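Just so you know, we're using my numbering here: the sequence shown kicks off at 48 and counts up by one. Each residue gets a CB set at the ideal place from its N, CA and C atoms; glycine is no exception. Given the structure is predicted, the values throughout are model-derived calculations rather than measurements. Some notes on the structure that comes next.
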Amino acid sequence: MPTTNQRLTTRIGYGFDSHEFHPGIPLKIGGITLAHDKGLGGHSDGDVLLHAIADALLGAVAAPDIGALFPPSDPKWKGADSVVFLREALKRVHDAGYGVANLDASLILAAPKIGPHAAAIRVRVAELLEVRSDCVGVKAKTPEGLNQENAAVAHVVVLLEQQRVPKKSRQANKE
Ligand code: MG
């Protein structure tokens, strides 16, 4: 049986999210604002990619998911910048003794085209995750045959690498 002192040197995380397009609100994907006539609805700023990344990070360290940490029922998170969610997820990764090795994301949406913005999204996500931009992959597909023209979907996998002894174990060692 594994004990709390046995550490994994790598961990994988997976995150998924989807949001519906609504007219007249800003479109935020990956921490940047894209010019479009519709944005993604939701209790926060609707950043489908940052939500999926946060869930991938949280899942990798077996933490509660984004909905549990930042419940949509809490008015505190209304219109919130999703960067706040991502920072909390990254903090939990670091507190557990890990850092991000690399991340790969697939976005599925009919419009706007992500290709022209993919480099900017990769740079912003890398900055938020404290990694180089060549450690962040961002791909986009159109929803062929999926009948989801009015939604944006994000799938994310992340690999974590052990960086140091986690906070909890250090405390336990002192006791
Ligand atoms: Mg979401």
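At least one heavy atom of ligand 1 sits closer than 8 angstroms to the Cβ of Ile113. For Asp151, the Cβ stays outside the 8 angstroms cut-off from all heavy atoms of ligand 1. Taking 8 angstroms as the cut-off, one finds at least one heavy atom of ligand 1 near enough to the beta carbon of His66. Within the DSSP secondary-structure output, Glu67 pairs in a beta bridge with Ala198. A Cβ-Cβ distance of about 18 angstroms is found for the pair Asp64 and Asp121, leaving them out of contact under the 8 angstroms criterion.
Shortest gap from the CB of His98 to any heavy atom of ligand 1: under 8 angstroms. Three or more beta-carbon pairs separated by less than 8 angstroms are not found between the region 197 to 207 and the region 158 to 165, which leaves the two stretches without contact. For Val178, no beta strand (DSSP E) segment is defined, and its DSSP state is neither H nor E. Leaving aside the five residues that flank Asp84 on each side, the residues in its chain whose CB is nearer than 7 angstroms to its CB run, in chain order, Pro70. Rounded to the nearest whole angstrom, the C-alpha separation of Asp128 and Asp92 is 6 angstroms.
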